[in-house]
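Have a look at the structure below before the remarks.
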Amino acid sequence: MIPSSIEALYELCGFARVACEADLVIALEVDGAGRASPVASSPPHDFSCFNLARSGVFDTKWSAIPVTANAFRLPTAVVHALPDMPVSLLFVPAPVEHAPQSGLLLLWTQPPSPAPLVEHVRLLASSIASTLASRREAVRQVAMRDQFNDLLESVPSGIVLFDGDGQSAMINERAAGLLACSPGFHRASELVAPMRALRERCDNHAELEAAYASQVRNVHYAAIQHWVLGDRTYEVDTHPVSGDDQHGRIWLFTDVTAELRIAAKLRGLAQSDPLTGLPNRRHFEERSAQILTAAGTAGRTVALLMVDVDHFKQINDTHGHPVGDAVLKAVARRCRDVLRDQDLFARFGGEEFIALLTLATSDETRVIAERLRGAIAETSVVVGDLSIGVTASIGAATDIPMNSAISGILEPLIAKADAALYRAKQGGRNCVIVADGPA
Amino acid sequence: MSCFASLHGRRTGAGKTPAILSHGFGTDQDAWSALRPWFEERFDVISFDLAGCGPEGAESYDFDRHGSMFGYADDLIEIIDELGVQNCVYVGHSMSSMIGAAAACARPELFATLVLIGASPRYLNDGAYVGGFDQDGLDELFKSMAANFQAWVAGFAPMVVGVDDGEAIADFSRTLFQMRPDVALNTSRTIFGSDMRDTARRVPTPVHLIQTASDVAVPLQVGKWLEATIPNATLDVIDASGHLPHMTAPEEVLRIFERRLTGLLS
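Protein sequences, first through last, are from chains A and B. The numbering of the first sequence is my numbering, which starts it at -12 and goes up by one. The numbering of the second sequence is my numbering, which starts it at 10 and goes up by one.
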């Protein structure tokens, strides 16, 4: 990209050279340290940068009259751009912000016959300065855009950026991959269909439609949603960004599949009992609230069962802890197998398990409790060469929860079931006791 | 800091006539070790490391200014001005050849004579002009430099040394490794992209060209082109091989110096 300001500088150099009958005219952008970038010249020449700090150019008080060149140390590149050794030179300072030593350098290889316009060349100074400044700004913007692009591609997210005018949009490579279109600039309207197609491919597309539909006209809308695309999940963050007008909006697509997997795994570890894989006591308490609330809403009965392995201490003492652990695992598996998926079954501690079920009537409680007891006692547990007969005692209690008092239900229910369990133990073990009536 | 100091300048020798020794790409001023005693007996010897070369060379290197051979020529002139010498004998190897020629064009009074070893004003072939390289070959070279500098040096060093001289190969590899890879890459782009044929056409100083009969970087045609083009030039093709004869065949090079330079001693 050649900014038009560069062309203007070439024209200014050309005009100055013809008007002053000079052999070479260079427009120089020079910083405070004397580092000079030749921006344009006449005749055109491909200059590299040089340093003018010790050239003498900036130690001279310039008037409108060219001076003899041999007092100056001119850069080799400048000398080579001339057909012969320079004899005279003139510098027209054109200071620019951040490049205070900028200006126009005119060189002659013959003593100049005073061209009528030489003394007026200084009038070009302000044009040169303003053109240098606008060229500098153009270069800065290109550099910023390049930098912005580098940044854009180094972010581990897909980015879709809609300009404030609502007309244009830009996407980076990751977003282009997701949207199946090319990275870079697009008309905003071109991206509408790919964005919609991506959303419609999501497993949770109905949920997303509902979330976004209500916000279609809201320019301030900001939300983070999970877009589930098969085995990948993207966290999609959209929020307004300041632009020329009100339509600036960014969409950030971040693949959070791995994070979610790790989070789920950690949550599972925190919630389950490592030996049996059942929910632990804390997780039982969290989950029970949902079941109680649902039952309360439906007006259904809940039953709480405490299951305690009989003579477990003896099994441990006789066969050792590894065998005791195997027995607990077997009991857990047998119970889980006879319960329904929606029933909550957890390890409550030690050899004690707890179940919370929703039932149509409290009469079913005993049936289910007996089914559990039978499943545990039916066959011996085989551990290596050992075959161990295992039984359990079960205490049960029922209630019909009221939604207004969910938080207070669990504790008395557990206490009642526990008391029933105590009676089952007293009653000879391997039996079921159901506490009387709802609490 | 002066330019001479920042480029690790050294000034030794018993003579009056200044002799400037300027090394080539991938070496540093130690490349002159074999020739230095001969110069120190006869001359006021000035040597330095080119920008980007020598220990911590990257500190002296300016990616913009040294993106052109003229930037190096400006450094050379600055050193000579700092030291206040004139009428120097300038000995340049490889890239320093055209650096010296460019400086002599800009400031003829500083140079009495130029001795250019393994000089090339343009490495790329251009119509009838044979430089020895084509663009595809150079692109390949830059690509392999950028991809793995270590591996590139391991292949480049023996090729440029051009003779089975383990010590010279080790020396050249050491100084190549001493360059920061990005500086080395930019420098080689500058060298291989340069076209200093106009400079050769206008050198005002007498020039003695020395080159070996077989040099992978500089075909014999290039030496002959320079001899024919530089207004006042001699060409000595020495009975040696490779691009670094001042390191691998110093006695051959000294024989030429004896013949070409001793008349200049004051």
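Every residue gets a Cβ at the ideal spot worked out from N, C-alpha and C, and that includes glycine. Please read these numbers as outputs of a predicted model, since none were measured by experiment.
**Report entry** Residue span of the beta strand (DSSP E) that contains Y99 (chain B), given as start and end
**Finding:** Taking the second sequence and counting its residues from 1, one reaches residue 99 (chain B) at position 90. Element bounds for Y99 (chain B): 97 to 102.
Report task. Could you tell me which of B:M78, B:E65, B:A60, B:F79 sits nearest to D71 (chain B), measuring between CA atoms? Result -> In the second sequence, the residue the question calls residue 71 (chain B) occupies position 62. With distances taken between Cα atoms, D71 (chain B) lies closest to B:A60.
Query raised in the report: Taking the alpha carbon of A128 (chain B) as the point to measure from, which residue in B:L273, B:H252, B:M256 has its own alpha carbon closest?
Result: Residue numbering aside, residue 128 (chain B) sits at position 119 when the second sequence is read from its first letter. The shortest C-alpha separation from A128 (chain B) is found at B:H252.
Query raised in the report: Touching or not, the stretch 76 to 88 of chain A and the stretch 110 to 118 of chain A, by the rule of three or more beta carbon pairs under 8 Å?
Result: yes
Query - For I278 (chain A) and G255 (chain A), the rounded distance between their alpha carbons - result: One-based indexing of the first sequence puts residue 255 (chain A) at position 268. One-based indexing of the first sequence puts residue 278 (chain A) at position 291. Each residue's Cα considered, the two are about 19 Å apart.
Report task. Jot down the residue ranges of each uninterrupted alpha helix (DSSP H) in the stretch 283 to 344 of chain A, minimum 4 residues, whole runs only, in chain order. Result -> 299 to 306, 308 to 325
Query raised in the report: When the distance is taken between beta carbons, is A110 (chain B) closer than 9 Å to T196 (chain B)?
Result: Looking up residue 196 (chain B) in the second sequence gives position 187. Looking up residue 110 (chain B) in the second sequence gives position 101. No; because the gap between Cβ atoms is not below 9 Å, this pair is not in contact.
Report task. Give, in chain order, every residue of the stretch 52 to 66 of chain A whose Cβ lies closer than 8 Å to some Cβ of chain B. Result -> R60, L61, P62, T63, A64, V66
Requested in this report: Can you have a look at P309 (chain A) and say buried or exposed, based on whether 16 or more other CB atoms are within 10 angstroms of its CB?
Outcome: Against the first sequence, residue 309 (chain A) aligns to sequence position 322. Classification for P309 (chain A): exposed.
Requested in this report: Could you give the DSSP three-state label for E16 (chain A): helix, strand or coil?
Outcome: Sequence index remark: in the first sequence, residue 16 (chain A) carries index 29 (1-based). Three-state DSSP puts E16 (chain A) in a strand.
Query raised in the report: Using DSSP with H/G/I as helix, E/B as strand and the rest coil, what is T47 (chain A)?
Result: If you number the first sequence from 1, residue 47 (chain A) lands on position 60. If DSSP states are grouped into helix, strand and coil, T47 (chain A) belongs with coil.
Query raised in the report: Is S11 (chain B) helix, strand or coil when you go by DSSP?
Result: The sequence position of residue 11 (chain B) within the second sequence is 2, counting from 1. Note: S11 (chain B) maps to coil in three-state DSSP.
Query raised in the report: Name the chain A residues that come within less than 8 Å of S11 (chain B), Cβ to Cβ?
Result: For the purposes of this step, residue 11 (chain B) is taken as the residue at position 2 of the second sequence. Chain A residues near S11 (chain B): none, gap ~11 Å exceeds 8 Å.
Query raised in the report: Since S77 (chain B) and A64 (chain A) are thought to touch, with beta carbons under 8 Å apart, how far apart are those beta carbons, to the nearest angstrom?
Result: Here residue 77 (chain B) refers to the residue found at position 68 of the second sequence. Here residue 64 (chain A) refers to the residue found at position 77 of the first sequence. Right, the Cβ-Cβ distance comes to about 6 Å (below 8 Å), so this counts as a contact.
**Report entry** Beta-carbon spacing of A27 (chain A), A14 (chain A) below 9 Å
**Finding:** Counted from its first residue, the first sequence places residue 27 (chain A) at position 40. Counted from its first residue, the first sequence places residue 14 (chain A) at position 27. Contact flag set, yes.
Query raised in the report: Using a Cβ cut-off of 8 Å, which residues of the stretch 30 to 52 of chain B contact any Cβ in chain A, in chain order?
Result: none
Report task. State the Cα-Cα distance for the pair C114 (chain B) and L273 (chain B), rounded to the nearest angstrom. Result -> To locate residue 114 (chain B), count along the second sequence from 1; it is residue 105. To locate residue 273 (chain B), count along the second sequence from 1; it is residue 264. So the two alpha carbons sit approximately 20 Å from each other.
Query raised in the report: Which one of B:Q187, B:A23, B:L133, B:D143 has the shortest CA to CA distance from E50 (chain B)?
Result: Position 41 of the second sequence, counting from 1, holds the residue named residue 50 (chain B). Minimum Cα distance to E50 (chain B) is reached at B:A23.
Query raised in the report: Exposed or buried, which one is Q38 (chain B) when buried takes at least 16 other CB atoms within 10 Å?
Result: If you number the second sequence from 1, residue 38 (chain B) lands on position 29. Answer is buried; the Cβ neighbour count reaches 16.
Query raised in the report: Is the shortest distance between the beta-carbon of F281 (chain B) and the beta-carbons of chain A less than 9 Å?
Result: Summary: the structure shown does not reach residue 281 (chain B), with chain B confined to residues 10 through 275, and so no result is reported for it.
Query raised in the report: Is any beta-carbon of chain B found at less than 9 Å from that of R22 (chain A)?
Result: As a first step, residue 22 (chain A) must be located in the first sequence, where it is residue number 35. Answer yes: the Cβ-Cβ gap between R22 (chain A) and chain B drops below 9 Å somewhere.
Report task. Using the DSSP secondary-structure output, state which residues sit across from S205 (chain B) in a beta bridge. Result -> In the second sequence, residue 205 (chain B) corresponds to position 196, counting from 1. According to the sequence as given, residue 205 (chain B) is Met; it is not Ser. Paired residues: none, contrary to the question.
Query raised in the report: According to the neighbour-count rule (16 or more other Cβ atoms, all chains shown, within 10 Å of its Cβ), is G382 (chain A) buried or exposed?
Result: For this step, residue 382 (chain A) is matched to residue 395 along the first sequence. G382 (chain A) should be labelled buried.
Report task. Determine whether the Cβ of L16 (chain B) lies closer than 9 Å to any Cβ atom of chain A. Result -> Position 7 of the second sequence, counted from the start, is the residue given in the question as residue 16 (chain B). False, the Cβ-Cβ gap to chain A never drops below 9 Å.
Requested in this report: Could you name each continuous alpha helix (DSSP H) segment of 4 residues or more that falls completely within the stretch 100 to 149 of chain B, going from the start of the chain to the end?
Outcome: 104 to 115
Query raised in the report: Out of curiosity, what's the CA-to-CA distance linking T348 (chain A) and I387 (chain A)?
Result: For the purposes of this step, residue 348 (chain A) is taken as residue 361 along the first sequence, with counting starting at 1. For the purposes of this step, residue 387 (chain A) is taken as residue 400 along the first sequence, with counting starting at 1. Taking the straight line from one Cα to the other gives about 10 Å.
Requested in this report: Could you please tell me which residues of the stretch 64 to 76 of chain B, in chain order, have their CB closer than 7 Å to any CB of chain A?
Outcome: D73, R74, G76
Requested in this report: Note down, in chain order, every chain B residue with its Cβ under 8 Å from the Cβ of S35 (chain A).
Outcome: Translated into positions along the first sequence, residue 35 (chain A) becomes position 48. Result: D73, R74, G76, S77, F79, G80.
Query - T241 (chain A) beta carbon less than 9 Å from that of P143 (chain A) - result: As a working note, residue 143 (chain A) is residue 156 in the first sequence. As a working note, residue 241 (chain A) is residue 254 in the first sequence. Cβ atoms of P143 (chain A) and T241 (chain A): closer than 9 Å.
Query - Among A:S(-9), A:T225, A:P31, the one whose alpha carbon lies nearest that of V203 (chain A) - result: By 1-based counting over the first sequence, the position of residue 203 (chain A) is 216. For the residues A:S(-9), A:T225, A:P31, the minimum Cα distance to V203 (chain A) belongs to A:T225.
Requested in this report: List the endpoints of the continuous beta strand (DSSP E) containing R22 (chain A).
Outcome: Taking the first sequence and counting its residues from 1, the one referred to as residue 22 (chain A) is at position 35. That run of the beta strand (DSSP E) goes 22 to 29.
Report task. Give the DSSP-derived three-state secondary structure of Y221 (chain A) in the structure shown. Result -> In the first sequence, counting from the first residue as 1, residue 221 (chain A) sits at position 234. If DSSP states are grouped into helix, strand and coil, Y221 (chain A) belongs with the strands.
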